[in-house]
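Asks: Chains as they are written, first to last, in this note's numbering: chain A, 1100 to 1409; chain B, 25 to 316. No residue lacks a Cβ here, since even glycine has one placed at the ideal position from N, Cα and C. Computed from a prediction, not measured in an experiment: that's the story for all the values here.
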Amino acid sequence: MTSTTDTLGLTQKRKLRQRSILKRLYVPMMLLPASLVFLVLFMGALIMAFLQSLGYAPIYGVNDFPTFRYYREMLEDPAFRVSIGLTFYYALVPTILGTILSIYLALSMRKRFRGRTLFQYIYKLPLMIPYLVGVAVVIELFTQGGIIARLFHAAGFIEVPQDFPRLLKTEAGWGIMTVYLWKQIPFTTLIVYSVLMGLGKEYEEAAGTLGANKRQTFIHVTLPQIMPGIVAATLIVFPFNFGSFEVPYILGADFPNTLPVQAWRVFDDADYTRRLGAMAIVMTISFISGVLLLIYLMLYRRYERIRGRQ
Amino acid sequence: MTITKNQRKKQASSGNRLSPYQRYYLIFIGIAVVVPFVPVIIRAFSFSWFWPSILPTKWWWEARENAWQPLGWDYIFSGPSHVGEAIINTVFIAIVVTIVCTAISLPAARVIAWEKFRGKSAVEFFLLTPLIVADIAIGLGILITFLQLGLTGGYVGIILAHLIPTTPYMVRVLTSVFQGLSRDYEEQARLLGATPLKTLWFITMPMILPGIMAGGLFAFLISTNIFLLTFFVGQGNIVTLPTMLFAKVIGGSSLDTIGAEVALILSLPGLILLIITERFLKEEIFAKGFGG
């Protein structure tokens, strides 16, 4: 480089240098705008929440930074333990059940049948609809005076609304998990199905020709191939359920409820100093889902390595 | 591709047919997806609907004529309901979010897809993390800063907040769009003497436009569906369709006519998008965004 630049004129040299600086700055400059959203807004929000959870909140007249008091108080609260169990329960059941149902749906959709084009339109409908509309739908269907209760009445099973089991606003969380399933089965199915379409059927047919039965073909050929899609979908679905607010807030019990609802109730307290406790809860939510995801990804990496794939 | 006609026929007769279970399953899913909307639609056109009647006791159009105030849809489209305001707010915020989000995601997606640089996988990973962090953590965290900066209760704050969940998604979708393209076209244009700007406008843009459309439509949809961030940052000052519906269903015990109507209006963008994307765009673009 130096030997060639010696023979070049001064302006050309400067031009070259400018170009190399431009070249070096090209990638960072292009990444900058999107990174600002990530660094300033997203990380900024998390860091502020974290600092507050450690006692730094001059805006509320509190500053005992650094202290683990708010985490300790949170852990000592018996309600926290109940909440964390419920949060896991409401998040995990729909994720697992939904994934199984989605795999079966994706496999079924691959077959040829009448109305297939129409079906592929329709099944995606809940995916496009906000969660709050899903909540409205569930309320209209499953309350004690809802349409299903009325159908039971018409069939002669029940007399008054109170005879119908209370499905919403209880700890069992039927309504919450129904909304999650209704919204997320199309999402997981879409991803698994598009992976399936990208694969083609050659390997499965080969397995069939070599004498594998349907179940063997599924477990040893199809499932490993769609695994990346399943992992991608569950990576989105589980943390979403774990951190969701409005669905459990509306359809869950008044008490106990999930961690995000708990966080909001603490935050909404008239006593501003309690807001630091809310920050401890939301940091715990983020921390738990982060750790879980890392474990999940590591397990998946290992699974892929065992299968001899990079 | 090289399957003979005979083989294809054989395939169609054996492995390509639905089993009876699968048929029932597909019917069940079809019903479970569509039928739950029916009661909400009926509710939206009802005036009163008492237990144990399966259909409304009095329909909206029956009560409408001798009502002393606007009812149902008449109320929705009247000033006091603020639904018009909510629609305008929702759409306005979504449009601005979509434009800003596309503008900042395009350059990032381009270098992630086409350039090699150190820390690339880390950048890709970190840009996706907002998708897996709970809204409430972001919302509560952002609130303090926005309060201090005076960004609460206004459009700017809400738009900034909406960028957090839309940008990761947009970068991902646009990256896969760029990855699906060859750089050769750009290089050839440059070799033939086109300026970088001309190359961008005449060569790259037309090729990525369908991808931008797909990403933009979904960013629009995500923004129209956001409740919590709008609720926190807007401080009840700016009403959008999701915050309005939240106020309507908050009790969790019943849905009134107006609530059902707001729910239907809020479902419209998704419904329109479903039809558009299915007709004009490849769904793979959407799935690919998530590593499908």
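For Ala1156 (chain A), which of helix, strand or coil comes out of DSSP?
Replies: Reduced to three states, the DSSP call for Ala1156 (chain A) is strand.
Asks: Label Thr1110 (chain A) either buried or exposed according to how many other C-beta atoms from any shown protein chain fall within 10 Å of its C-beta, with 16 as the threshold for buried.
Replies: Classification of Thr1110 (chain A): exposed, given that the 10 Å Cβ count is below 16.
Asks: Would you please verify whether the beta carbon of Trp1281 (chain A) is less than 9 Å from any beta carbon of chain B?
Replies: Closer than 9 Å: yes.
Asks: Would you say Thr190 (chain B) and Thr114 (chain B) are within 9 Å of each other, going by their C-beta atoms?
Replies: Not a contact, by the Cβ cut-off of 9 Å.
Asks: With a cut-off of 8 Å on the beta carbons, I'd call Ser70 (chain B) and Trp85 (chain B) a contact; round off their distance for me.
Replies: Actually they are not in contact, since the Cβ atoms of Ser70 (chain B) and Trp85 (chain B) sit about 10 Å apart, beyond 8 Å.
Asks: Just the C-alpha distance for Trp97 (chain B) and Ala1271 (chain A), rounded to the nearest angstrom, thanks.
Replies: Roughly 36 Å between the two C-alpha positions.
Asks: Can you tell me which residues form a DSSP beta bridge with Val201 (chain B)?
Replies: Its beta-bridge partners do not exist; DSSP assigns none.
Asks: Starting from the Cα of Arg1211 (chain A), find the closest Cα among B:Ser43, B:Ala127, B:Phe270 and give me that residue.
Replies: That would be B:Ser43, whose Cα lies nearest to the Cα of Arg1211 (chain A).
Asks: Suppose the cutoff is 8 Å on Cβ atoms and the five residues either side in sequence are ignored; what does the same chain contact list for Val135 (chain B) look like?
Replies: Correct list, in chain order: Phe141.
Asks: Beta-carbon of Arg207 (chain B) versus every beta-carbon of chain A: anything under 9 Å?
Replies: Answer no: the Cβ-Cβ gap between Arg207 (chain B) and chain A never drops below 9 Å.
Asks: With distance defined between alpha-carbon atoms, name the residue in B:Ile300, B:Ile282, B:Leu269 nearest to Tyr99 (chain B).
Replies: Of the candidates B:Ile300, B:Ile282, B:Leu269, the one whose C-alpha sits nearest the C-alpha of Tyr99 (chain B) is B:Ile282.
Asks: Is there contact between the segment 58–74 of chain B and the segment 282–291 of chain B, where contact requires at least three CB pairs shorter than 8 Å?
Replies: Because the criterion of three Cβ pairs below 8 Å is met, the segment 58–74 of chain B and the segment 282–291 of chain B touch.
Asks: With which residues is Lys140 (chain B) paired in a DSSP beta bridge?
Replies: DSSP, once it has assigned bridges, lists no residue as partnering Lys140 (chain B).
Asks: Buried or exposed: where does Thr1101 (chain A) fall if 16 or more other Cβ atoms within 10 Å of its Cβ makes it buried?
Replies: Residue placement at Thr1101 (chain A) is poorly supported in this model, since its pLDDT is 48, which falls under 50; the coordinates still yield a value, given next. Result: exposed.
Asks: By DSSP's criteria, Arg1211 (chain A) is part of a beta bridge. Which residues make up the other side?
Replies: Arg1211 (chain A) pairs with B:Arg41.
Asks: According to DSSP, which residues form a beta bridge with Trp83 (chain B)?
Replies: Beta-bridge pairing links Trp83 (chain B) to B:Ser70.
Asks: Hey, which unbroken runs of the alpha helix (DSSP H) at 4 residues or more fall wholly within the segment 1109–1154 of chain A?
Replies: You should have 1109–1135, 1143–1152.
Asks: Just to make sure I have the definition right: I need the residues of chain B whose C-beta is within less than 9 Å of the C-beta of Thr1242 (chain A). Which are they?
Replies: Near Thr1242 (chain A) (Cβ distances below 9 Å), the residues of chain B are Gly276, Ser277, Ser278, Leu279.
Asks: On the criterion of 16 or more Cβ atoms from any shown chain inside 10 Å, does Trp73 (chain B) qualify as buried, or is it exposed?
Replies: Classification for Trp73 (chain B): buried.
Asks: Around the Cβ of Pro1157 (chain A), are there at least 16 other Cβ atoms within 10 angstroms (buried) or fewer (exposed)?
Replies: Exposed, since its Cβ has fewer than 16 Cβ neighbours within 10 Å.
Asks: Would you mind sorting Phe1366 (chain A) into buried or exposed? The rule is 16 or more other CB atoms within 10 Å of its CB.
Replies: Classification for Phe1366 (chain A): buried.
Asks: How would you list, in chain order, the residues of chain B whose beta-carbon sits under 7 Å from the beta-carbon of Trp1363 (chain A)?
Replies: Within 7 Å Cβ-Cβ: Ile160.
Asks: Can you give the Cα-Cα distance for Val1381 (chain A) and Ala158 (chain B), rounded to whole angstroms?
Replies: For Val1381 (chain A) and Ala158 (chain B), the distance between alpha carbons rounds to 8 Å.
Asks: Relative to the C-alpha of Gly1328 (chain A), which candidate in A:Glu1258, A:Tyr1399, A:Arg1265, A:Ala1306 has its C-alpha closest?
Replies: Among A:Glu1258, A:Tyr1399, A:Arg1265, A:Ala1306, the Cα nearest to that of Gly1328 (chain A) belongs to A:Tyr1399.
Asks: Check the C-beta distance from Glu1172 (chain A) over to Gly1376 (chain A) and give it rounded, since I have them as a contact under 8 Å.
Replies: Right, their Cβ atoms sit about 6 Å apart.
Asks: With 9 Å as the threshold, decide whether the Cβ of Arg47 (chain B) is near any Cβ in chain A.
Replies: By this cut-off, Arg47 (chain B) is an interface position.
Asks: Return the Cβ separation of Leu269 (chain B) and Ala1235 (chain A) in integer angstroms, given the expectation that the two are a contact with Cβ distance under 8 Å.
Replies: Sure, about 7 Å apart at Cβ, within 8 Å.
Asks: Using beta carbons (cut-off 9 Å, strictly below), is Gln172 (chain B) in contact with chain A?
Replies: So, interface residue.
Asks: Could you tell me the distance, in whole angstroms, from the CA atom of Gly1108 (chain A) to the CA atom of Ile1120 (chain A)?
Replies: Each residue's Cα considered, the two are about 19 Å apart.
Asks: Where do the N-terminal and C-terminal ends of the alpha helix (DSSP H) with Arg1400 (chain A) fall, by residue?
Replies: Note, Arg1400 (chain A): alpha helix (DSSP H), 1374–1405.
Asks: Once the 5 residues before and after Ala287 (chain B) are set aside, which same chain residues still bring their CB inside 7 Å of it?
Replies: Answer for Ala287 (chain B): Val64, Leu269, listed in chain order.
Asks: Going along chain A in order, which residues have a C-beta closer than 7 Å to the C-beta of Ala287 (chain B)?
Replies: Here the neighbours are Val1232, Ala1235.
Asks: With a cut-off of 9 Å, does the C-beta of Gly240 (chain B) fall near any C-beta of chain A?
Replies: Not closer than 9 Å to any Cβ of chain A, the Cβ of Gly240 (chain B) fails to qualify, so no.
Asks: Taking DSSP as the reference, what is the three-state secondary structure of Val1234 (chain A)?
Replies: Correct three-state label for Val1234 (chain A): helix.
Asks: For Glu109 (chain B), which residues of its own chain have a beta-carbon under 8 Å away from its beta-carbon, when the five flanking residues on both sides are left out?
Replies: Cβ neighbours of Glu109 (chain B) beyond the five flanking positions: Val263.
Asks: Leaving out five residues on either side along the sequence, give the residues of the same chain with a beta carbon under 7 Å from the beta carbon of Glu319 (chain B).
Replies: In this structure chain B extends from 25 to 316, so residue 319 (chain B) is not present and cannot be described.
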